[in-house]
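Undergrad: From first to last, the protein sequence lines are chains Z and D.
Under my numbering, read the first sequence as residues 69 to 888, first letter to last.
Under my numbering, read the second sequence as residues 6 to 210, first letter to last.
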Amino acid sequence: MTATSDHPTSTDVPSNGLSRRSFLKWSAAAGGGVALASGTNQLGLLPGSGLWASEDEDGGLETRWSACVVNCGSCCPLRMQVAGGRVVRVLPDDTGDDELGSQQIRACVRGLSYRQRMYSPDRLKVPMKRVGKRGAGEWEEISWEQAYDEIAEAVQRIIDEYGNEAIYLNYGTGTIRGTIAKSWPPAITPIARLMNTVGGYLNHYADYSTAQIQGAVAYHYGGWIGANSLDDAKSANLQVLFGNNPLETRMSGGGEAFVTQRTREQSKVRTIVIDPRYSETALGVADEWVPLRPGTDAALVAGMAHVMVSEDLHDQEFLDSHCQGFDEDHMPEDVPEGSSYVAYLMGEGPDGVEKTPEWAASITGVPADTIVRLAREIATTKPTYINQGWGPQRHANGENQARAIFTLVAMTGNIGIRGGSTGEREGSYGLPMANPYASENPVETSIPVFAWTDAVEKGPEMTATNAGVQGADRLEVPIKMIWNYAGNALTNQHGDINRTIELLEDDSKCEMIVVIDTRMTVSARYADILLPDAMNAEQLDLVAQGSAGNMGYTILGDQVVEPPFECKTVYEMCSEIAKRLGTEEDFTEGRTQEEWVRHILDASREDIPDLPSFEELKEMGVWRDPNPPEVGYVPLEDFRADPEEHPLPTPSGKIEIFSTELWEMAETWELPEGDRITALPEHLDTWEGPAEARERDDHPLQCIGHHYKQRTHSTYGNLPWLEEAHPQIVWMNPVDAEERGIGNDDTVEVFNERGRIRLPARVTVRIAPGVVSVPQGAWFTPNEQGVDVGGSVNTLTSWRQSPIHKGNAQHTTLVQIARA
Amino acid sequence: MAVTLGFYFDQTLCNGCKACQIACKDKHDTAIGVNWRRVAEYGGGTWQITGDTFSPNIFANYLTMACNHCDDAVCVDVCPTTAMHQREDGVVVVDDDLCVGCRYCEWSCPYSAPQYDAETGRMSKCDLCTDYREAGLDPACVAACPSRALDWGPIDELREQYGDVAGIAPLPDPSVTRPNLVIKPHHSAEPVGAATGAITNPREV
Chain Z
69 MTATSDHPTS TDVPSNGLSR RSFLKWSAAA GGGVALASGT NQLGLLPGSG
119 LWASEDEDGG LETRWSACVV NCGSCCPLRM QVAGGRVVRV LPDDTGDDEL
169 GSQQIRACVR GLSYRQRMYS PDRLKVPMKR VGKRGAGEWE EISWEQAYDE
219 IAEAVQRIID EYGNEAIYLN YGTGTIRGTI AKSWPPAITP IARLMNTVGG
269 YLNHYADYST AQIQGAVAYH YGGWIGANSL DDAKSANLQV LFGNNPLETR
319 MSGGGEAFVT QRTREQSKVR TIVIDPRYSE TALGVADEWV PLRPGTDAAL
369 VAGMAHVMVS EDLHDQEFLD SHCQGFDEDH MPEDVPEGSS YVAYLMGEGP
419 DGVEKTPEWA ASITGVPADT IVRLAREIAT TKPTYINQGW GPQRHANGEN
469 QARAIFTLVA MTGNIGIRGG STGEREGSYG LPMANPYASE NPVETSIPVF
519 AWTDAVEKGP EMTATNAGVQ GADRLEVPIK MIWNYAGNAL TNQHGDINRT
569 IELLEDDSKC EMIVVIDTRM TVSARYADIL LPDAMNAEQL DLVAQGSAGN
619 MGYTILGDQV VEPPFECKTV YEMCSEIAKR LGTEEDFTEG RTQEEWVRHI
669 LDASREDIPD LPSFEELKEM GVWRDPNPPE VGYVPLEDFR ADPEEHPLPT
719 PSGKIEIFST ELWEMAETWE LPEGDRITAL PEHLDTWEGP AEARERDDHP
769 LQCIGHHYKQ RTHSTYGNLP WLEEAHPQIV WMNPVDAEER GIGNDDTVEV
819 FNERGRIRLP ARVTVRIAPG VVSVPQGAWF TPNEQGVDVG GSVNTLTSWR
869 QSPIHKGNAQ HTTLVQIARA
Chain D
6 MAVTLGFYFD QTLCNGCKAC QIACKDKHDT AIGVNWRRVA EYGGGTWQIT
56 GDTFSPNIFA NYLTMACNHC DDAVCVDVCP TTAMHQREDG VVVVDDDLCV
106 GCRYCEWSCP YSAPQYDAET GRMSKCDLCT DYREAGLDPA CVAACPSRAL
156 DWGPIDELRE QYGDVAGIAP LPDPSVTRPN LVIKPHHSAE PVGAATGAIT
206 NPREV
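#1: For the segment 499 to 575 of chain Z, which segments carrying the alpha helix (DSSP H) assignment without a break, of at least 4 residues, lie completely within its bounds, in sequence order?
#2: Hey, out of LEU790/Z, LEU787/Z, ASN812/Z and ASN786/Z, whose CA is closest to VAL798/Z's CA?
#3: To the nearest angstrom, how far is it from the Cα of ASP102/D to the Cα of ILE342/Z?
#4: Who are the near neighbours of GLU741/Z in its chain, counting only those whose CB is closer than 8 Å to its CB and skipping five residues on each side?
#5: Would you list the residues sitting across from TYR287/Z in a DSSP beta bridge?
#6: For the pair the segment 69 to 77 of chain D and the segment 176 to 184 of chain D, tell me if three or more CB-CB distances fall below 8 Å.
#7: With a cut-off of 7 Å, does the C-beta of ALA793/Z fall near any C-beta of chain D?
#8: If you measure from the beta carbon of VAL840/Z to each beta carbon in chain D, is any gap under 7 Å?
#9: State yes or no: is the beta carbon of GLU494/Z nearer than 7 Å to at least one beta carbon in chain D?
#10: Quick check: the Cα distance between TRP847/Z and GLU445/Z, rounded to an integer number of angstroms?
#11: Determine the direct distance from the alpha carbon of LEU752/Z to that of ASP609/Z, and round the result to whole angstroms.
#12: Taking C-beta pairs closer than 8 Å, name the residues in chain D that TYR346/Z reaches, listed in chain order.
#13: Taking Cβ positions only, does ARG174/Z come closer than 7 Å to chain D?
#14: Taking all protein chains shown into account, decide if GLN171/Z is buried (16 or more other Cβ within 10 angstroms of its Cβ) or exposed.
#15: With a threshold of 8 Å, are at least 3 pairs of Cβ atoms found where one atom belongs to the segment 662 to 672 of chain Z and the other to the segment 597 to 617 of chain Z?
#16: Quick check: is the beta carbon of ILE188/D nearer than 7 Å to any beta carbon in chain Z?
#17: Alpha carbon to alpha carbon, how far is ARG43/D from MET89/D?
#18: Where does PRO258/Z fall in DSSP's three states?
#19: Name the chain Z residues whose beta carbon is nearer than 8 Å to that of LYS23/D?
#20: Can you tell me whether TRP292/Z is helix, strand or coil according to DSSP?
#21: Mind pulling the chain D residues with CB within less than 8 Å of PRO837/Z?
#22: Going by DSSP, what residues sit across from VAL155/Z in a beta bridge?
#23: Who does GLU130/Z pair with in a DSSP beta bridge?
#24: Taking LYS891/Z as part of the alpha helix (DSSP H), name the residues at either end of that continuous run.
#25: Enumerate in chain order the residues of its own chain whose CB-to-CB distance from SER122/Z is below 7 Å, with the five nearest sequence positions on each side excluded.
#26: Tell me the residue span of the alpha helix (DSSP H) that contains ALA145/D.
#27: For ALA151/Z, would you say it is in contact with chain D, using Cβ-to-Cβ distances shorter than 7 Å as the test?
#28: Leaving aside the five residues before and after VAL410/Z along the sequence, list all residues of the same chain whose C-beta is less than 8 Å from its C-beta, in chain order.
#29: Contact check, THR1/D vs ILE160/D under 8 Å by CB: the rounded distance?
#30: Hey, would you say ILE439/Z sits closer than 7 Å to LEU704/Z, going by beta carbons?
#31: Tell me the rounded alpha-carbon separation between GLU687/Z and VAL137/Z.
#32: Which residues of chain Z have a Cβ atom closer than 7 Å to the Cβ of GLN26/D, listed in chain order?
#33: Who are the neighbours of PHE326/Z on chain D, taking C-beta pairs under 9 Å?
#34: Please report the straight-line C-alpha distance between VAL194/Z and ARG108/D, rounded to a whole angstrom.
#35: Apply the 10 Å Cβ neighbour rule to LYS23/D and answer buried if 16 or more other Cβ atoms are within range, or exposed otherwise.
#36: In or out: ARG887/Z buried (at least 16 other Cβ within 10 Å) or exposed?
Structure below.
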């Protein structure tokens, strides 16, 4: 921390001076923007634009339903206006209303930009094969026949030489809401279905969004539960959001942004947002914003818990009946004294440190009197709705961060009730759609999602206890082939892009990479064979709903226009490869894509009798469950009512504030030096954490990477409309900027030993001092000096993993910033 | 005289997503740099740092802005060719046949509503989606706003329903052009002229 002072200081934000000019010209920079206009309208500059052009110019406008199917947690229907075989305009949903449960699902800024994504010059047009060094950008066009033949041969060869475990399906969420054209979860993708016909593939568990919190719920609750839905905050008298930012991360006007806004508007529930950034959710719905240093939520909880225990404000009765490990009277056998959470708080545990509000203040940055006040308010307001986003857990100590917030909910007795929560992220109501398209993977071995680079580099060294391998004691073989369908975690969304690229460039390690995508992404640059995919609006598919409070809905995404150039659907690609592997019938079961959609709709009607017919749904586009529940989701009511009759799937059947399994793992697992697994949700100082930041002169700033309006992860990146509306920038506090002589919009470099990015600074009071945020997902674009001028945060992040679930700790990163 | 039309903006609901800007762009096919609707982020305040701890005393809010089809439309007043003119319903439009692209209107408008289109060499601007309204539809930005923060209609009705705030920082005093605009201010909005903050995203507006 560079901005600390023994005496109170105050730094004004740069003033605009409010001259007459700025008074009159609220948009002084608009003229500068105009200069960019000439020649930058990408729609008019498409290579081979003749192929895009209409053959039927005099045709009228026809409106067809499609959807935006990317990974924001929402899913918005889109009405696409077509003329002459070309989408000419994208309109938002015009069905439904403004009431929770039947709301109109208005697409956000990204969905409305779909047309530009569709007609982007980045679109892949023909199958291609790498001819130079991997990643060098040298390609030859090949026929589909050749592509299918070579991929089938590679699959067969690698299975013969190494076994099915050497073939990996990389994480990818570029097309997530479809049913047939679906890139996540991996087990129900068409690639999985194809690979399952020939013996399967190496699994991964967890995902880049939630790896650590999945590793937390497994031991704390016995599995994923989810929190009360956000619309249930109306039943609460206080809403506390730890690092949850639905107004930006789930930005749909029918999804959780709308649900959060409308619930708050109607109930007026007092809302506290705890976040290093004054997020859109803090700006929009919070009565109070509590900024803290990234990676210190568990310390904040401990400080508040200390107040509650000291002042006897906690719900002892609930803790006694439903939890293990809060105090010394509720511990498993054979655990030494001083191992309970109360002992940890009161300095009676092994570390001997009392977790006073002052202790927490020095770690978190939150003043002690604020911690005391928050603790009293959260403990005494009933019910209190506490929910966490996935930022607090995306840290080197992420599992403990998540578990600490669960523990706060238990201490305040808010679990299993209306207006309460589990402390996880919001659940929601959803339609129970059937999926007969899913198939079974014969391979059981599974690696952590973030460990695939390790598996390429040193697969057989990875074991259950040193690398979190599941389903087997160890990996038998390294990864030798990667399928990368609609994903960018092969490079851009993984940690340490420069190191990842170096690994991929060595094609003696991973011998074959097949990328299927709609555009030349950063990951597509590293393909051996690159297949041009049809976008979802270029094929018929059943589209699953997004998270939307208490609303259930489904969408039939029509084939709005034909796939352009030589693009094909992933279903056709996999069918053709299966044919060459002799398993076409297993893969297709004799159905076309439309026949699958009809089949799935019919199968779903068994559980949802009101579901319309294929023809009806195609006409109406989006169908809403006409009888939404009053509240979207309230978990653990039965456990709350009778924990003996409805135990949790933990060893004790209770909520494990002290986890018996983690206690054992702490003894048996081999961890990198300095890493720790703890049975309690303790605050851990880790590598590149806030404590280290304050000790290091070279990299004194904590760097996080918030989700940004320009993109959903990396999807919708590289599009002029969205780059104009939401340019890539790095947020930094005026205190840190002033120390470095940096002004708003100055070009800066953000760097550490792993890489360097260049982008404009957003000097803003909306982020805590000592913290910078580079919105994640920008496309890695190295210049000749190796500086990433695209500004991808993962040029700065590392491969290092969290201790329990081996998750991506991408918000645990230290950097320095200087003017470029 | 026909009823005068205007926009309503509920600032308490705006998260700065710019769906309005893109809906406008998609409908009207405006080029990069030409935005008939734009969104400013406005904010200010200070941080107090005491030892290892910090406390914010800050604020931020968003403001979406198109043409306000002002009663005293200075863009019309300054236009040397009468290309910029006001229709009976108050909607200010450009006559392409008359516009010479001199950009006086852009310079004079305190909201930067008229936008120069380098491709055509003429001015372009919001016409409150006349074609949509004639078809019984809402303007593109209003229909698209995910937060339902935008509305439009006869200005008398909007004022009756939502009040008569027509200016907050960083906008000019409404007396300058008498905009047909009603704003429901965010809790942190500052009054016109008493502003302590600044536009945080000047390059975007």
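Just so it is clear, CB atoms sit at the ideal spot from N, CA and C, and this is done for glycine as well.
TA: Once the coordinates are examined:
#1: 520 to 526, 532 to 535 and 565 to 573
#2: Nearest neighbour of VAL798/Z by Cα position, chosen from LEU790/Z, LEU787/Z, ASN812/Z and ASN786/Z, turns out to be ASN812/Z.
#3: 56 Å
#4: Excluding residues within five positions, none has a Cβ falling inside 8 Å.
#5: None; TYR287/Z has no bridge partner.
#6: yes
#7: yes
#8: False, the Cβ-Cβ gap to chain D never drops below 7 Å.
#9: no
#10: 43 Å
#11: Roughly 46 Å between the two C-alpha positions.
#12: PRO61, ILE63 and ALA65
#13: yes
#14: That one is buried.
#15: Enough Cβ pairs lie closer than 8 Å, so yes.
#16: no
#17: Between the C-alpha atoms of ARG43/D and MET89/D there is a straight-line separation of about 21 Å.
#18: helix
#19: VAL177, LYS777, ALA793 and HIS794
#20: Judged by DSSP in its simplified three-state form, TRP292/Z adopts coil rather than helix or strand.
#21: TRP52, ILE54 and PHE59
#22: VAL150/Z
#23: VAL150/Z
#24: In the structure as shown, chain Z starts at 69 and stops at 888, and residue 891/Z therefore has no counterpart that could be examined.
#25: Interpretation of SER122/Z is limited by its pLDDT of 40, a score under 50 that renders its predicted location unreliable; no figure is taken from the coordinates.
#26: Start and end: 145 to 149.
#27: The beta-carbon of ALA151/Z is placed no less than 7 Å from the nearest beta-carbon of chain D.
#28: VAL377, PHE394, ASP395, GLU396 and GLU416
#29: Residue 1/D lies beyond the stretch modelled for chain D, which goes from 6 to 210, so this question has no answer here.
#30: no
#31: C-alpha separation (whole angstroms): 19 Å.
#32: ALA793
#33: PRO151, SER152 and ARG153
#34: 45 Å
#35: Under this definition LYS23/D is a buried residue.
#36: Result: exposed.
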